[in-house]
Structure formats: structure tokens, C-alpha cells
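K.L.:
My structure is below; once you've seen it, I'll send some questions.
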Amino acid sequence: MILYLHPENPEIRKLKQISERLKDGAVYIFPTDTVYAIIADAHSKLGVEKIYAIRKLPKDKPLSLMCRDISMASNFIEYLPNSAYRLMKRVTPGPFTFVLKANKNLPKPSVVHHKDKQIGIRIPDHIYLSELLKIHDSPLTSTSAFCDDEFIIDIDDLESIYGNQVDGIVDGGIVKMELSTILQINDDSIDLIREGKGYDRISEEISS
């Protein structure tokens, strides 16, 4: 089912309905500042299991956490170096995934099968997700909408492939096929894992 939100002032009533359904295990597809993402409440075992099933992912495949802001993200990070904090503060919300050492507060349904103690954090810069995260009181687990080795960027293709598997697809039009830049945050360095959208904004601050 394709859902429509106002592009400048998303309807709070609709977002609250989505938020409540996410808490009950629903799964949605939302546009992001990169590609479309399949999302679930990070604390919902049912929702997270649906994502793994829909994408046919191995259970030890890490998923990202989408957070409202650095404050929310810090609840799940064991240590955030000052250099990384300054960078995150400057470029978020934005098309970056930060891989950090996680603490024991991580939502168990989202990481129960993870072998390491790290998590990818995203603070997306898209009005629909930003407004949803203001309403929703927990982070979202997410992964890209991907099928047959291709990212799905057209709303009609999303409906054809995922329409019967998710609870709703929020129409963001045809998005550009741009991936997030992935950065590994260590105690004394910020290392590039994948060059993607926004890389030109940070290239001088990281080691490749």
C-alpha cells in the first residue's frame, strides 16, 4: 500500500499512526536522503524479524540504527571521541553511517545475532523520517530496499516487489541511487569504509 505525506508538512496524525503500528511490529518503507529504506522499531522482535525475512538476510548480517539526533544515538554508544562528536555534529543529519563500539543498551531484537560489539548509526536528513523520529520514542532498525542485486528507487517497483510484505510504502518519488558514506569510528581515528554521498564534505578529516 502506497502512503502519501505532505512533502513540506507531513501530517502528524499519519505519522503517529505509523509510529503506533511500528511498536506493534509493523514494517514500512521510507525514502531517506540516500535510497529507500525498510524500517522497523528497533525494540520490536517481530518487526526486526520481518526485515530479515523480507530481505532474505542472514541473521548475523548487521542492520543500522536510525536515530533522531546525536543525543539519542549516544544512548547506544560506549564511547564517542571528541573528534567524532565534532564531525557528527557538523554533518548530521546527513547521508552518513557511523560505525561505533556499542554499549549494553542496544535494542536486543536488533543485535541479538551480532557477533561483534559494533553498530552502524544513521541520523537521516529527510523530512518524513525526521518528523517520524520526533514522534517515535525509540530508534528504528533499517536496511536498504534491495532486490536482485539492485537498489529499488522507483515507488511503483517498490509496490510491485514489497507491496504484499510491508505495512506501507511512503511515496518519496524516484530517488537518486546514492549510498551513504560509511565511517568507522575508533578511539584515535575516523576511517573510511565506503565512499558515498557527502564524502566531499569530510574528505580532509578522515583517513582512507
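Each residue of the sequence shown is one higher than the one before, starting from 1313 at the first, in our numbering.
Just so you know, even glycine gets a beta-carbon here, dropped at the ideal spot from N, CA and C.
Just grab the DSSP bridge partners of residue 1353 for me.
P.N.:
Residue pairing by DSSP puts residue 1353 in a beta bridge opposite 1452.
K.L.:
Closest to residue 1383 by CA distance: which of 1506, 1355, 1356 and 1446 is it?
P.N.:
1446
K.L.:
Find the nearest neighbour of residue 1513 within the set 1463, 1501, 1495 and 1360, judged by alpha-carbon distance.
P.N.:
Checked all of 1463, 1501, 1495 and 1360; the closest Cα to residue 1513 is 1495.
K.L.:
Is the CB-CB distance between residue 1510 and residue 1493 below 8 Å?
P.N.:
Contact flag set, yes.
K.L.:
List the DSSP bridge partners of residue 1445.
P.N.:
Residue 1445 is not bridged to any residue.
K.L.:
What separation, rounded to the nearest whole angstrom, lies between the Cα atoms of residue 1430 and residue 1412?
P.N.:
5 Å
K.L.:
Once DSSP output is grouped into helix, strand and coil, what is the label at residue 1469?
P.N.:
Reduced to three states, the DSSP call for residue 1469 is helix.
K.L.:
Leaving aside the five residues before and after residue 1341 along the sequence, list all residues of the same chain whose C-beta is less than 8 Å from its C-beta, in chain order.
P.N.:
1348, 1349, 1350, 1351, 1457, 1470, 1474, 1478, 1480, 1481 and 1482
K.L.:
Expressed to the nearest angstrom, what Euclidean distance is found between the alpha-carbon atoms of residue 1453 and residue 1346?
P.N.:
16 Å
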